[in-house]
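Asker:
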Amino acid sequence: MKNKYSAIIFFLMLALGLHSQDVLIKNGTLLTITDGVKENTDLLIRNGKIDQIAKGLKASAGIEVIDAQGMFVMPGIIDAHSHLGIDAVNEATDPNTAMVWVGDALNPYDVGIYRALAGGVTISHAMHGSANAVGGQCETIKHRWGVHDPDELRMEGAPRTIKFALGENPMRVHGEGRRITPRTRMGVEQVFRKSFADAQVYMENWNQFNSGKIKSPPQYDLKMETMADILKGEILIHCHSYRADELLMLLNVLSDYGVKNITFQHVNEGFKVAPELAEFGAHASVFSDWWAYKFEVYYSTAYNAAILTKNGVVTSINSDSRELIRHLYHEAAKTQKYGDLSDNEALRLITINPAIQLGIDKRVGSLEKGKEGDVAIFKNHPLSIYAVPQKTIVDGVVRFDIDADPDDIRIDVDPNETIPAYIETQSQNAKGCSDGCMQGVHEILGHKH
Amino acid sequence: MKITRYITMLTFCFTAFLLNGQMSQKSKNGSFLIKNATLVTVTNGSYVGDLLVKDGIIAEIGKDVSAQADQTIDATGKFVYPGMIDGATHIGLGEIGAVSLTQDYNELGDFIPHMQALTAVNPNSVNIPVNRVAGVTTALTYPSGGLFPGTAALIHLHGYTPEQMYADFRAPIMNFPSSGKRGRWDRRSEDEIKKQEEKALKKLNDIWSKAKQYARIDSLALAGNKKRNDYNPQMDALLPVVRGAQSMIINVNKKADILSAIKWVEEKEIKAIFMGVAEGWRVADEIAKSGIPVIVGPVLDNPRRNSDPYEINYANPGILQKAGVLVCIRTNETENVRNLPYNAGFAATYGMGIEEALKAITINAAKIFGVDQKLGSLEKGKIANLFISTGDPFETKTDITDLFISGWKVPMESRHTLLYDEFLERDPGLDSRK
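For the record, the sequence lines run as chains Y and G.
Using the working numbering, you'd call the opening residue of the first sequence number 98 and step up by one each time.
Using the working numbering, you'd call the opening residue of the second sequence number 490 and step up by one each time.
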């Protein structure tokens, strides 16, 4: 469609890893997020990191120069809730599956990664599903589209995270589907209390063994190891949740066990307990406007993000969807309709705030010297409906370029593949099963939604 | 003691009633003069002027309207647009996605065109105020499911009975038999797929020849030349389509299916509207040549094939429109019909242009549903479905400040705004808890 020749070269270079991590973006309007808006300013990325932000920078020889005159340059968008790039979402076989990890099954060929890049998204939080009260561990990935080695998707050094889930999903899967606790929100609480209490005992036993007080070692248990790491503050909790009462329940449990790091995901009723969330220091990662797809989101409002923000809760807008992740800039813009957030407040929801929630805000989420070279360049302001992402850069490498966008974007094409064209829309399908978090539990629920 | 309990109970019931209500204000009827607004008429350009809403219609519109009115609204610096029309939704037919007993759009049976969406529209659905305050005043609401899942109805998003809401268009829905795989989970072999496809087409054609036969006998009986048919509600529902008096909406998405649906419509000599049309961009010229209008969307959706260009779904409405197809846009939503202006906005951005995208959700939708004499633009005598905004309704920064549906001034509130008002600064907040 566009320039076929340049598209082929662009993709060949990406596929062969022939790319420099140096790029100079000239004369853009920089939406720095943490340091205001800078007109007609240059941004230099060297060795994958932001090296300079200033006017009139000169490119040294061999550095790729992007003319961003009249364009908007913002930090790469970050999605704190996604299921892109993973081959399995739910290990729906136990109310606590803390031992599993979605990072074991990364898929660099997931076309969704390219489509997210085409929406300016450079980092997503590939999450385990919400079938279990304590779900599996998640993986923060960088959208390095073009790599073949699954390990190259990982954001090295990003903190470990784990999925928790409250309410209907664990109740349906285990209580209704498997006739075991939890079938109610009372049961959900006790899964957490038992898991944390067990982990304390497990830690004590190991301490006693290590200090020589007992002779034989306790049995190694990966589930308990993970729970212990949560208690030690080494893993950030991201908890699928909706109702105000269940949020307070988990805050009480965490207080009892001294756990501080928690981001509530979806959290449609977060606005009802915004003061409590703010006091605890809990974060919220929400949909812009999804509601009424299940009973526990019926009494919610699209003004959620605005109410949370104005009550001092660190809030992000997430996608949990292969579709929404393509236009998170538009999803964030809806907070200007629902609650009149300022441009910077709205942009924080998809940049520095999700970075805080993933524990990577020292590295990404704003345009600052020393941060990683993750940048999205837009024609028209990203909060305008007329915004069009032009180039998306990860670690100084242009991974999406609208001028080199091929007709067929798959990296791995199987000539024998029969290409399905689905009848129903994917977004409808996702909602039919409540949300993206319930992939892979149909076997247990017998295909009933 | 007993009396105290009784009063407590009464108070509780009354409070509960208020909480479950979706509005604290009533709609107002009467005459309203909107002064000094930029009137975006859609059919007659845009200019600064006045507009009089009276007796449910746009009674006057022009550069300077002087008339007595119950209320005069100074709209200096603001804009008036015709109400937006969503090409296809389930609004009013579904309340809570995962609670099946609140879903009324999917009846049992494969051949049930007599199922009437309008019958099951819940005028008090919480979804209705939530979505109309975005400026969507009218929507097609349709049944889905099997081959002929029922008859869709165009409704205004205001009123306390389905009849008050009805916007004078209905049409049976047909899901055109689909070829190829249905999704990743589809494990059928190529042979099975082909056989099932042929079987489905044969079934459709059998039904259609019976429907034609039914219509022929019915005509003869009406002329007194033959005994009447035994009553068959399904066949009865298709009579106006067979006779060419009513359109049928055909849900069809894949390229190959669109091409065979065009052939099918031409063979049967019926009036058709295509819906979905996700791969319309592949066969835009063929659709244009057929003269069949389309309800396309959702625009904010993924492309159908992994190999497809990322933006093709955004571009689809524009490609069709430029080829000469009459296009309107659907959200295909139940609770988020309010995203219609954003679906149109993305279509505008990716090739359709602002003017054509606006037409797609106003006058062109009205044309496709045969109600363009009454809806879809700001013209004297048309039904007063319109809204006042602070700017371009495609932009999320824009606020809708006033809303009129069928001439009623509708309050700008819904569950979502009421919860905002209640919880932005919650009382009691933290301090009283301790």
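We treat Cβ as the ideally placed atom computed from N, Cα and C, and that holds for glycine.
What is the DSSP secondary structure of Y/Gln-523, counted as helix, strand or coil?
Answerer: Translated into the one-based positions of the first sequence, residue 523 of chain Y becomes position 426. Here Y/Gln-523 scores only 38 on pLDDT, less than 50, and its place in the model should not be relied on; the value that follows carries that caveat. The answer is helix: DSSP assigns Y/Gln-523 an H, G or I state.
Asker: Does Y/Lys-369 get closer than 8 Å to chain G when you measure Cβ to Cβ?
Answerer: Within the first sequence, numbered from 1, the residue matching residue 369 of chain Y stands at position 272. With 8 Å as the cut-off, Y/Lys-369 counts as an interface residue toward chain G.
Asker: Which residues of chain G have a Cβ atom closer than 7 Å to the Cβ of Y/Ser-481, listed in chain order?
Answerer: Mapped onto the first sequence, residue 481 of chain Y falls at position 384. Going along chain G in sequence order, the residues near Y/Ser-481 (Cβ under 7 Å) are Glu-884.
Asker: Is there at least one Cβ from chain G nearer than 8 Å to Y/Ile-174's Cβ?
Answerer: Taking the first sequence and counting its residues from 1, one reaches residue 174 of chain Y at position 77. It does not: the Cβ of Y/Ile-174 has no partner Cβ on chain G nearer than 8 Å.
Asker: Assuming G/Ser-668 and G/Asp-746 form a contact by the criterion Cβ under 8 Å, report the distance between their Cβ atoms to the nearest whole angstrom.
Answerer: Indexing the second sequence from 1 puts residue 668 of chain G at position 179. Indexing the second sequence from 1 puts residue 746 of chain G at position 257. With a Cβ gap of about 6 Å, G/Ser-668 and G/Asp-746 count as contacting.
Asker: By the 10 Å Cβ neighbour count, where 16 or more other Cβ atoms means buried, how is Y/Ser-221 classified, buried or exposed?
Answerer: Your numbering for residue 221 of chain Y matches position 124 in the first sequence. Per the 10 Å Cβ criterion, buried.
Asker: Taking the straight line between their C-alpha atoms, what separation do you get for Y/Ile-147 and Y/Glu-469?
Answerer: Position 50 of the first sequence holds residue 147 of chain Y. Position 372 of the first sequence holds residue 469 of chain Y. Their backbone Cα atoms lie some 6 Å apart in a straight line.
Asker: How long is the line joining the alpha carbons of G/Thr-497 and Y/Met-346, rounded to whole angstroms?
Answerer: Position 8 of the second sequence holds residue 497 of chain G. Position 249 of the first sequence holds residue 346 of chain Y. In this prediction, G/Thr-497 has a pLDDT of 49, which is less than 50 and means its spatial position is unreliable; nothing more can be read from the coordinates.
Asker: So with CB distances below 7 Å, who are the chain G contacts of Y/Pro-267?
Answerer: Residue 267 of chain Y sits at position 170 when you count from the first residue of the first sequence. Neighbours of Y/Pro-267 on chain G: none; closest Cβ ~14 Å, over 7 Å.
Asker: In or out: Y/Leu-344 buried (at least 16 other Cβ within 10 Å) or exposed?
Answerer: The sequence position of residue 344 of chain Y within the first sequence is 247, counting from 1. Buried, by the Cβ-count rule.
Asker: Roughly how many angstroms lie between the CA atoms of Y/Ile-520 and Y/Trp-303, to the nearest whole one?
Answerer: Numbered from its first residue, the first sequence carries residue 520 of chain Y at position 423. Numbered from its first residue, the first sequence carries residue 303 of chain Y at position 206. Caution is warranted here: a pLDDT of 43 is assigned to Y/Ile-520, below 50, making its placement in the model unreliable, and the coordinate value is therefore given only provisionally. Near 55 Å, if we compare the C-alpha coordinates of Y/Trp-303 and Y/Ile-520.
Asker: Please state the DSSP three-state secondary structure of G/Tyr-831.
Answerer: Working through the second sequence from its first residue, we reach residue 831 of chain G at position 342. Note: G/Tyr-831 maps to helix in three-state DSSP.
Asker: For G/Ala-505 and chain Y, any beta-carbon pair shorter than 8 Å?
Answerer: For this step, residue 505 of chain G is matched to residue 16 along the second sequence. Caution is warranted here: a pLDDT of 41 is assigned to G/Ala-505, below 50, making its placement in the model unreliable, and the coordinate value is therefore given only provisionally. With 8 Å as the cut-off, G/Ala-505 does not count as an interface residue toward chain Y.
Asker: For the alpha helix (DSSP H) that G/Asn-795 lies in, which residues bound it at each end?
Answerer: Residue mapping note: residue 795 of chain G aligns to position 306 of the second sequence, counting from 1. First-last for G/Asn-795: undefined, no H or E at that position.
Asker: Can you tell which of G/Ile-617, G/Phe-600 and G/Met-512 has the C-alpha that lies nearest to the C-alpha of G/Glu-822?
Answerer: Position 333 of the second sequence, counted from the first residue, corresponds to residue 822 of chain G. Looking at the Cα atoms, G/Ile-617 is the closest of the given residues.
Asker: Could you tell me whether any Cβ in chain Y is nearer than 8 Å to the Cβ of G/Asn-795?
Answerer: As a first step, residue 795 of chain G must be located in the second sequence, where it is residue number 306. At least one chain Y Cβ lies under 8 Å of G/Asn-795.
Asker: Please compile the residues from chain G whose C-beta is within a distance smaller than 8 Å of the C-beta of Y/Thr-406.
Answerer: Position 309 of the first sequence, counted from the first residue, corresponds to residue 406 of chain Y. Chain G residues near Y/Thr-406: none, gap ~11 Å exceeds 8 Å.
Asker: Interface residues of chain G around Y/Arg-507 at Cβ under 9 Å?
Answerer: What you label residue 507 of chain Y is simply residue 410 of the first sequence in a count that begins at 1. The contacting residues are Asn-795 and Ser-796.
Asker: In terms of alpha-carbon separation, which member of Y/Leu-328, Y/Thr-219, Y/Lys-431 and Y/Gln-287 lies closest to Y/Pro-192?
Answerer: Position 95 of the first sequence, counting from 1, holds the residue named residue 192 of chain Y. Closest by alpha carbon: Y/Gln-287.
Asker: In the DSSP assignment, find the unbroken alpha helix (DSSP H) run with Y/His-427 in it and report its ends.
Answerer: On the first sequence, position 330 is the one that residue 427 of chain Y refers to. Residues 425-434.
Asker: Count the CB pairs spanning the stretch 626-642 of chain G and the stretch 598-607 of chain G that are closer than 8 Å, and state whether there are at least three.
Answerer: Short answer: they touch.
Asker: Whose CA, out of Y/Lys-431, Y/Cys-235, Y/Ala-185 and Y/Gln-454, lies closest to the CA of G/Pro-830?
Answerer: On the second sequence, position 341 is the one that residue 830 of chain G refers to. The shortest Cα separation from G/Pro-830 among Y/Lys-431, Y/Cys-235, Y/Ala-185 and Y/Gln-454 belongs to Y/Lys-431.
Asker: Can you list, in chain order, the residues of its chain whose CB lies under 6 Å from that of Y/Pro-247, leaving out five sequence neighbours each side?
Answerer: Stepping through the first sequence from its first residue, residue 247 of chain Y is reached at position 150. So the qualifying residues of the chain are Leu-203 and Pro-205.
Asker: Strictly below 8 Å CB to CB, what residues from chain Y border G/Thr-578?
Answerer: To locate residue 578 of chain G, count along the second sequence from 1; it is residue 89. Near G/Thr-578 there are no residues of chain Y at all, since even the closest Cβ is about 12 Å away, more than 8 Å.
Asker: Could you confirm whether any beta carbon from chain Y is found closer than 8 Å to the beta carbon of G/Val-588?
Answerer: Within the second sequence, numbered from 1, the residue matching residue 588 of chain G stands at position 99. Closer than 8 Å to some Cβ of chain Y, the Cβ of G/Val-588 qualifies, so yes.
Asker: The alpha helix (DSSP H) spanning G/Asp-746 covers which residue range?
Answerer: On the second sequence, residue 746 of chain G is found 257 positions in, with the first residue counted as 1. Counting along the chain, the alpha helix (DSSP H) containing G/Asp-746 begins and ends at 744-757.
Asker: Under a CB-based cut-off of 8 Å, is G/Thr-838 close to chain Y?
Answerer: As a first step, residue 838 of chain G must be located in the second sequence, where it is residue number 349. True, the Cβ-Cβ gap to chain Y drops below 8 Å.
Asker: Tell me the rounded alpha-carbon separation between Y/Phe-293 and Y/Gly-232.
Answerer: Counting from one through the first sequence, the residue named residue 293 of chain Y turns up at place 196. Counting from one through the first sequence, the residue named residue 232 of chain Y turns up at place 135. Those two C-alpha atoms are separated by around 14 Å.
Asker: Does the stretch 294-313 of chain Y come close enough to the stretch 323-341 of chain Y to have 3 or more Cβ pairs within less than 8 Å?
Answerer: Touching, yes.
Asker: So which of Y/Ala-255, Y/Pro-279 and Y/Gly-254 has the shortest CA-CA distance to Y/Gly-264?
Answerer: Locating residue 264 of chain Y in the first sequence gives position 167, counting from the first residue. Out of Y/Ala-255, Y/Pro-279 and Y/Gly-254, Y/Pro-279 has the C-alpha closest to the C-alpha of Y/Gly-264.
Asker: What residue ranges within the stretch 337-364 of chain Y form continuous beta strand (DSSP E) runs of no fewer than 3 residues, ordered along the chain?
Answerer: Whole beta strand (DSSP E) segments, 3+ residues: 359-363.
Asker: Name, in chain order, the residues that DSSP records as bridge partners for Y/His-335.
Answerer: Here residue 335 of chain Y refers to the residue found at position 238 of the first sequence. Y/Lys-260 and Y/Thr-360.
Asker: Please state whether DSSP places Y/His-544 in a helix, a strand or coil.
Answerer: Translated into positions along the first sequence, residue 544 of chain Y becomes position 447. Because Y/His-544 sits at a pLDDT of 39, beneath the cut-off of 50, its placement in the model cannot be relied upon, and the point is left open.
Asker: Considering only residues of the same chain and omitting the five flanking positions on each side of Y/Pro-372, which have a CB-CB separation below 7 Å?
Answerer: Here residue 372 of chain Y is taken as the residue at index 275 of the first sequence, counted from 1. Result list for Y/Pro-372: Asn-408, in chain order.
Asker: Bridge partners for Y/Tyr-211 per DSSP, in chain order?
Answerer: Here residue 211 of chain Y refers to the residue found at position 114 of the first sequence. DSSP, once it has assigned bridges, lists no residue as partnering Y/Tyr-211.
Asker: Would you mind sorting Y/His-245 into buried or exposed? The rule is 16 or more other CB atoms within 10 Å of its CB.
Answerer: If you number the first sequence from 1, residue 245 of chain Y lands on position 148. Answer is exposed; the Cβ neighbour count stays below 16.
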